[in-house]
Every structure is written in structure tokens, then in C-alpha cells.
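For reference, the structure discussed in these notes is given below.
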Amino acid sequence: MTASMRSSRIWSLVVVLVAIATLLLLSSPYAEAAPLPGTLALPPTAPDPQFGVTWTAWQDLGSTPTSAPAAVSWGRERITVFARGGNGEIIQTYKEGGNAWTPWRTPSELRGVILRSAPSCASWTSGAINCVALREGYGGVFQFYWNGRGWFTNDLGGDATSAPAIVAWGAGRLSVFVRNSNGNLIHRYWQHNVTDWTPPRWEAVGSGTITSAPSCASREVGVIDCFALGPNGVVMQLYYDERAGARWVGWNQLMGMATFRATSPISAVGWSRNLLDLFARGPDMRLYQITYSGTWAEPWTVIEERTLIGAPSCSRVEPGRLDCFAQVLDPQAQNTSAFNVAPGLAYRYAQRR
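Okay, so the sequence shown: first residue is 4 according to my numbering, each after it adds one.
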């Protein structure tokens, strides 16, 4: 049995386990937290506005990816979503402006590359996409990138034991993060026309260990915020701010959030110095959001009642617009016990008021 076949079987097992957990929730005293009736084709009414955003209902994008998605905006009203496909290869779909989503496909230059983790993607300028993931046959971080003319690949090395994260934190500036075998976060840095990936050896940042893949975002030029789960499932934060001493601070538990336990890696979206959104699957398998607006004043709040398979991925597409992607378990599939079919990817978007 090939590694990619094992990955696909493991993902199918995850779907089954999540579905079983959903049935247990439905039969528990907390049944009110169960998914609402309906299907992706006929979605329920979108939730009331929260965190200054108004969400649309979910729309089905099709495909049955075998990893969490990675969404990246690489120009005004341009967004591409990547994931690992059923055969382990990289698949993508793309949307520009009011046009429809393109069919899922594997770029010809990337055929034969088999991923063993979810990808993570960022854009440091309009027209450029940089993605990282783990691939079969290689123990470090693998990079694939679009430079406006075609797709290219690169091996970045590293002692990688989680899906990696990439963040653009200024024009021509990229940083990549991954958890190593000691549970520490390590990173490398790249700057267009200034320096190739540096330091030569991956460097540890932050104090303490993490138990999940990291997720990183930039609120403004020179600022990086990374989030991951601590040993007890609590969401932890590590940040770097050039304007405040140019040093790493953390890992620190989010203030006042000791009771929330995430069950997926975090998706982080930076807007401005005092505005940052986090998304995660909660302990009841539903989608939660929390917003930083200078402080973490409000608690984690449910923004989707139905069960999520794996982690969400959210991206700022244009000023004021936020797109989120996730695999949402179809309630009718729950009712018919059709758990052997992985749910397709769905997306929704919100406009900040």
C-alpha cells in the first residue's frame, strides 16, 4: 500500500470518527448544539451579524479533498484555494471578481507531487503565490510557488512534524514556520531581492511547546502573529513586532480564554494593527470565531451550527471582505449514515460593516 493510499484511508477514518462523534452529540443532553437541518444546496439562513461582519450561507465548491484547505488572495478580488486531492496530489480552484469558480485541477508542473500534509499559502505582492506543505519522500518543508509565469518548487529543509505555515508580512517578505520533533516552533525568512531563505539552519522561536500545526498572520507590515494549540488544547499566541523591540513574545495563552478547547489548527486573518480574526473547530465540532480589536474582549462564538471535518481556512480577499472555506458535514448524510463519503468543500464570505 502506498503512502498516499494510507493518507486517504486515514482521512476517511477521520470522517467516520467525526460522524460518530456527531451522533453522540445528537443523542446527548447537549442536542441543541447539533447541526441544523438542511443541505449545502439549500443552506439555512445565515447567522445574525457578529464581530462586525454579516455572513452569507455556505456554497458548495465540490471536490472531496483529503486535507484542510488553504485559501490565498493574490490580488483584488482574486482568490485561489488549494488542498490535497484524493490521490494525494495538489488540487486548486480559482475565482476572480464575479466569475464562477474554476473546476478543480492539478497544475501540470505539480503533477506527481504527493502531499502528506495540508498546504499553507500566502501572497507577498499582486500576482504571486507562495505555498508550503510536507510531501512524500521528504522530511522537510516543501515549497511550491507561482511567479506570474509558471509553477516552481523548492525544498526548504527543516525538522518538520506538522503542517507548515507561511505568512507575508510586508512587500517581498515571507516567513515559514513549522513544529519540530521537540514540539518547538522553528522558522526561516525570505526577502525579495535581498536575501534567500535564512538563517541557513532553521531557528527556534518562542518559549514552550505546541501540539498542533501553527497558523500565522500579519496585521500590518513588520508584525507577525502565530497561533497554535498548547499541551491542553488551549489556544496559544506568539508574536513579533518590529515597532516594539523586534523580538518574539510568547507563547502566551489568550487572555480570558482558558475554557475554550480547539479541536483543529487555527485559521488567522490580519486586518490592521488592532483587528485580527481567528477561526477554529471547537470541542463540539462546530465553527467558532474570535476577534481581536485591541483586546480579546469577546469570547469564542459559534458561527456555524453544522459539523466541520478538519480545520477551516479563511482569507481577506479585498478591503472589508472575508472568505472562509471548510468541509461541512451534510446533515442528510448524517441521517442516512453515509459516512464513507467525504463531504465536499464549501465556502462562505462576509462583509465588514
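Virtual Cβ for every residue (Gly too), placed ideally from N, Cα, C.
Where DSSP assigns a beta bridge to residue 191, which residues make up the other side?
Note: residue 191 is bridge-paired with 179 in the DSSP secondary-structure output.
C-alpha distance - residue 290 paired with residue 303, whole-angstrom precision
Distance from the CA of residue 290 to the CA of residue 303, rounded to the nearest whole angstrom, comes to 10 Å.
Could you tell me which of 57, 125 and 240 sits nearest to residue 193, measuring between CA atoms?
Checking every option, the nearest Cα to that of residue 193 belongs to 125.
Which of helix, strand or coil DSSP assigns to residue 27:
Low confidence applies to residue 27: its pLDDT is 36, below 50, so where it sits in the model is not reliable, and the reading given next is rough at best. In the three-state DSSP reduction, residue 27 falls in the helix class (H, G or I).
Between the segment 203-223 and the segment 180-189, do at least 3 Cβ pairs fall closer than 8 Å?
Flag = yes, the segment 203-223 and the segment 180-189 touch.
Opposite residue 83 in the DSSP bridges: which residues?
Paired residues: 75 and 97.
Check the DSSP bridge columns for residue 307 and list the partner residues they point to.
The partner list for residue 307 (beta bridge, DSSP) reads 290.
Pick from 180, 220, 218 and 219 that is closest to residue 201, judged by C-alpha positions:
Residue 180 is the option with its Cα nearest to residue 201.
Going by beta-carbon coordinates alone, are residue 266 and residue 284 separated by less than 8 Å?
In this structure, residue 284 lies closer than 8 Å to residue 266 by Cβ.
On a Cα-Cα basis, can you pick out the residue from 316, 286 and 301 that is closest to residue 310?
Closest option to residue 310, Cα to Cα, is 286.
Under 6 Å Cβ to Cβ from residue 70, same chain only, skipping five residues before and after it: list those, please.
Apart from the 5 residues on each side of it in sequence, residue 70 sits with its Cβ closer than 6 Å to the Cβ of 86, 87 and 121 in its chain, given in chain order.
Which residues does DSSP list as the beta-bridge partners of residue 154?
In DSSP, residue 154 forms a bridge with 149.
Would you list the residues sitting across from residue 278 in a DSSP beta bridge?
Looking at the DSSP output, residue 278 sits in a beta bridge with 275.
Entirely enclosed beta strand (DSSP E) segments - the segment 203-285, minimum 3 residues
The DSSP assignment places complete beta strand (DSSP E) segments of no fewer than 3 residues inside the segment 203-285 at 218-220, 226-232, 238-244, 251-256, 270-275 and 278-284, in order along the chain.
Please classify residue 348: is it buried, with 16 or more other beta-carbons within 10 angstroms of its beta-carbon, or exposed?
So residue 348 counts as buried.
Taking 8 Å as the threshold (C-beta atoms), are residue 141 and residue 162 in contact?
Contact flag unset, no.
Is any heavy atom in the ligand FAD found nearer than 7 Å to the beta carbon of residue 354?
Absent from the structure shown: the ligand FAD. Ligands present: none.
Do you know offhand how far residue 175's Cα is from residue 153's?
About 18 Å.
Is the distance from the Cβ of residue 168 to the Cβ of residue 221 below 8 Å?
Taking 8 Å as the cut-off, the beta carbon of residue 168 is found no closer than this to the beta carbon of residue 221.
Where do the ends of the beta strand (DSSP E) carrying residue 439 lie?
The structure shown does not extend to residue 439, since the chain is modelled only from 4 through 356, so no value can be given for it.
Which residues does DSSP list as the beta-bridge partners of residue 350?
Answer is 62 and 328.
Once you ignore the five residues that flank residue 231 on each side, which residues in its own chain have a CB closer than 6 Å to its CB?
The answer, listed in chain order, is 213, 215, 217 and 239.
Return yes when the Cβ of residue 275 is within less than 8 Å of the Cβ of residue 223, no when it is not.
It is a contact, given that the beta carbons lie within the stated cut-off.
Considering Cα atoms alone, identify which of 332, 229, 81 and 249 is closest to residue 2.
No answer is possible for residue 2: it lies beyond the span of the chain, which begins at 4 and ends at 356.
Taking Cβ to Cβ, would you say residue 74 is nearer than 8 Å to residue 318?
In this structure, residue 318 lies closer than 8 Å to residue 74 by Cβ.
Per DSSP, what kind of secondary structure is residue 321 in: helix, strand or coil?
Note: residue 321 maps to strand in three-state DSSP.
Environment of residue 294 [buried if 16+ CB atoms lie within 10 Å]:
Buried, because 16 or more other Cβ atoms sit within 10 Å of the Cβ of residue 294.
Assigned secondary structure, residue 355 (DSSP; H/G/I helix, E/B strand, else coil)
If DSSP states are grouped into helix, strand and coil, residue 355 belongs with the strands.
Opening and closing residue of the beta strand (DSSP E) in which residue 123 lies:
Unbroken beta strand (DSSP E) run through residue 123: 123-125.
Since residue 127 and residue 177 should fall inside the 8 Å C-beta cutoff, what is the C-beta to C-beta distance between them, to a whole number of angstroms?
That pair is a contact at about 6 Å.
Taking all protein chains shown into account, do 16 or more other C-beta atoms lie within 10 angstroms of the C-beta of residue 197, making it buried, or fewer, making it exposed?
For residue 197, the number of other beta carbons within 10 angstroms of its own is below 16, and it is reported as exposed.
Closer than 6 Å by C-beta to residue 280: which residues in its own chain qualify, once you throw out the five before and the five after it? Chain order, please.
Correct list, in chain order: 272 and 294.
If you run the structure through DSSP and keep just helix, strand and coil, what is residue 111?
Helix at residue 111.
Residues bridged to residue 138 (per DSSP):
Residue pairing by DSSP puts residue 138 in a beta bridge opposite 118.
Grab me the residues of residue 254's own chain with a C-beta within less than 6 Å of its C-beta, minus the 5 sequence neighbours each way, in chain order.
Within the same chain, 209, 211, 239 and 241 come within 6 Å of residue 254 by CB-CB distance, once the 5 residues on both sides are set aside.
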